[in-house]
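Line by line, the protein sequences give chains E and R.
Each residue of the first sequence is one higher than the last, beginning at 81 in the working numbering.
Each residue of the second sequence is one higher than the last, beginning at 125 in the working numbering.
So the structure is just underneath, and the comments pick up after that.
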Amino acid sequence: MNGDLEEIWVYLSASPLLALTLTLVAYQLGLWLYKKAGSNPLFNPVLFAVCAIVLLLTITGTDYATYFEGAQFVHFLLGPATVALAIPLYQQLHQVRRSLLAILVAVSCGSITAAASAIAIGWVMGASSTTLLSLAPKSATTPVAMGISEQVGGLPSLTAVAVILTGIIGAMAGKGLLGLLGITDARATGIAMGVASHGIGTAQALQISSVAGAFSGLAMGLNALATAVIIPLLVRLWF
Amino acid sequence: MVGFFIVLLLCQLAGEVIVIASGAPLPGPVIGMALLFIGLLVKGSVPPTLGELSNGLLSHLSLLFVPAGVGVMLHAELLGNEILPIAVSLVISTLVTLVITAWIMQRLGARGGADQ
Chain E
81 MNGDLEEIWV
91 YLSASPLLAL
101 TLTLVAYQLG
111 LWLYKKAGSN
121 PLFNPVLFAV
131 CAIVLLLTIT
141 GTDYATYFEG
151 AQFVHFLLGP
161 ATVALAIPLY
171 QQLHQVRRSL
181 LAILVAVSCG
191 SITAAASAIA
201 IGWVMGASST
211 TLLSLAPKSA
221 TTPVAMGISE
231 QVGGLPSLTA
241 VAVILTGIIG
251 AMAGKGLLGL
261 LGITDARATG
271 IAMGVASHGI
281 GTAQALQISS
291 VAGAFSGLAM
301 GLNALATAVI
311 IPLLVRLWF
Chain R
125 MVGFFIVLLL
135 CQLAGEVIVI
145 ASGAPLPGPV
155 IGMALLFIGL
165 LVKGSVPPTL
175 GELSNGLLSH
185 LSLLFVPAGV
195 GVMLHAELLG
205 NEILPIAVSL
215 VISTLVTLVI
225 TAWIMQRLGA
235 RGGADQ
């Protein structure tokens, strides 16, 4: 009997089906909790799913590469989904056009704030300069942030961790923090979440409203560009 | 539906090719988003099926970040003894960025008047 179970486990753990199912189930559970909590952003379904899966992989001694063989099918859809952000953006075209200047100024200032504050706070807290360089691009979307990190002498893999954590922090805090400060404008909330927390912030902004989602997706794209320009300049000034 | 999924893939593919050819500091999908946006401007409307497809993909955008998020476990030891400065920096910096960006956007954008 035990031998049979082990054989089944060996078979399943080698097939992508298990990791794929695990990813969807963990997310669905996270989503259920989020809805149960009255769509409170603090019950972030990504955070829940990631923690649950990491825990399970650690307990079963499964490495990330094996997990990713199945999870890559979900991961792959990130590309087409990013392209699809053009549709809410187009649907909000008249609003975007009307506040284009405000968007460009807000994204540029936000981009500088994200990088400069990460470096300054890390420096005050005594982080090494390699760590500071790795944290600087954390608000840009992952591939851009990793590229910049490598270019300025950071550790791209540490940057990847910082980017994901930044996304989750912004998604959890965004709406509540801004509401507390009396900022309820969907455009302002969307732009802020896209600049501070890239795609994970945008995913949360889409839950707020289609206006917030459209502005967030736009801000994510513009911020990727702004970060790529600003960080090398900032690094030259600081280091 | 399949036809419009092909549209998304083609935009992404064209984006990746543009990035490789030009060395632009942007991910291929972001260029793909710009290309699809231009395409919609030219066409003048969103085909209903494309709208449904994008709704389906975007309503669970969070899910798509889970595999990359689990990747954090690979690099957890990188956080090592600098975990405190890193955590403090990420949390405060993200909150400050949210507030400053939203504040500027609200101040400058208010003149345009919002359709809530």
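Backbone N, C-alpha and C fix where the C-beta goes; we use that ideal spot for every residue, glycine too.
- Against chain R, the beta carbon of TYR144 (chain E) has neighbours under 9 Å at VAL194, GLY195, MET197, LEU198, listed in chain order.
- Taking a beta-carbon distance threshold of 8 Å, LEU97 (chain E) does not count as an interface residue toward chain R.
- Along the segment 198–213 of chain R, the positions whose C-beta sits under 9 Å from a C-beta of chain E are LEU198, HIS199, ALA200, LEU202, LEU203, GLU206, LEU208, PRO209, ILE210, ALA211, VAL212, SER213, read in chain order.
- Interface with chain R (8 Å Cβ-Cβ cutoff): ASP84 (chain E) is excluded.
- The shortest C-alpha to C-alpha distance from VAL126 (chain R) to any of R:LEU177, R:THR218, R:ASN205, R:PHE189 is the one to R:LEU177.
- Non-local C-beta neighbours of GLY152 (chain R) in its own chain, meaning closer than 7 Å and more than five positions away in sequence, comprise GLN136, GLY139, GLU140, VAL143, ordered along the chain.
- Chain R places a beta carbon closer than 8 Å to that of TYR147 (chain E), counting this residue as a contact.
- Listed in chain order, the alpha helix (DSSP H) runs fully inside the segment 158–205 of chain R are 172–183, 190–194, 200–203, counting runs of at least 4 residues.
- With a 10 Å radius around the Cβ and a threshold of 16 neighbouring Cβ atoms, ARG316 (chain E) comes out exposed.
- Near chain R, meaning a CB-to-CB distance below 8 Å, the residues of the segment 267–278 of chain E are ARG267, ALA268, THR269, ILE271, ALA272, MET273, VAL275, ALA276, SER277.
- Note that the segment 148–162 of chain R does not touch the segment 122–138 of chain E; fewer than 3 beta-carbon pairs, one per stretch, sit closer than 8 Å.
- Taking all protein chains shown into account, ASN205 (chain R) has fewer than 16 neighbouring C-beta atoms within 10 Å of its C-beta and is therefore exposed.
- Scanning E:ALA194, E:THR282, E:ALA220 for the CA closest to the CA of PRO236 (chain E) turns up E:ALA220.
- For the 8 Å CB-CB criterion, VAL90 (chain E) and ALA194 (chain E) do not form a contact.
- Only VAL215, ILE216, SER217, THR218, LEU219, VAL220, THR221, LEU222, VAL223, ILE224, THR225, ALA226, TRP227, ILE228, MET229, GLN230, ARG231, LEU232 from the segment 215–232 of chain R bring a Cβ to less than 9 Å from some Cβ of chain E.
- In the displayed model, ILE142 (chain R) falls within a helix according to three-state DSSP.
- One Cα belongs to PRO191 (chain R), the other to THR138 (chain E), and the distance between them is close to 15 Å.
- Setting aside the 5 residues that flank it on each side, ALA166 (chain E) has no residue in the same chain whose C-beta is closer than 6 Å to its C-beta.
- Contact of PRO153 (chain R) with chain E by beta-carbon distance below 7 Å involves GLY159, THR162, VAL163.
- The alpha-carbon of LYS115 (chain E) is positioned some 46 Å away from that of PHE319 (chain E).
- For ASN124 (chain E), the secondary structure class from DSSP, reduced to helix, strand or coil, is coil.
- Taking 8 Å as the Cβ-Cβ cut-off, the segment 230–249 of chain E approaches chain R at LEU235, SER237, LEU238, ALA240, VAL241, ALA242, ILE244, LEU245, THR246, GLY247, ILE248, ILE249, given in chain order.
- Our two residues, GLY150 (chain E) and GLY193 (chain R), have alpha carbons roughly 14 Å apart in a direct line.
- In this structure, the straight-line span from the alpha carbon of ALA182 (chain E) to that of GLN175 (chain E) is close to 11 Å.
- Around the beta carbon of PHE189 (chain R), 16 or more other beta carbons sit within 10 angstroms, so the residue counts as buried.
- For the segment 130–158 of chain R, residues whose beta-carbon sits nearer than 8 Å to a beta-carbon of chain E comprise LEU132, LEU133, CYS135, GLN136, GLY139, PRO149, LEU150, PRO151, GLY152, PRO153, VAL154, GLY156, MET157, ALA158.
- Remark: C-beta atoms of THR282 (chain E) and GLY259 (chain E) do not approach each other more closely than 8 Å.
- With distances taken between CA atoms, LEU286 (chain E) lies nearest to E:LEU169 out of E:LEU169, E:TYR144, E:GLN108.
- Counting C-beta atoms within 10 angstroms of its own C-beta, SER119 (chain E) has fewer than 16 neighbours from the protein chains shown and is therefore classed as exposed.
- If you ignore the 5 residues before and after ILE248 (chain E), its C-beta comes within less than 7 Å of the C-beta of ASN124, VAL126, LEU127, ILE280, all in its own chain and listed in chain order.
- Around LEU122 (chain E), the same chain offers MET252 as residues with beta carbons nearer than 6 Å, after the five sequence neighbours per side are excluded.
- Residue state for ILE310 (chain E) is assigned as helix, using DSSP reduced to three classes.
- The three-state secondary structure of ALA251 (chain E), taken from DSSP, is helix.
- Rounded to the nearest angstrom, the gap between the Cα atoms of VAL232 (chain E) and ILE88 (chain E) is 48 Å.
- Distance check between ALA161 (chain E) and each of R:LEU214, R:VAL223, R:LEU208, R:LEU160 places R:LEU160 closest, using alpha-carbon atoms only.
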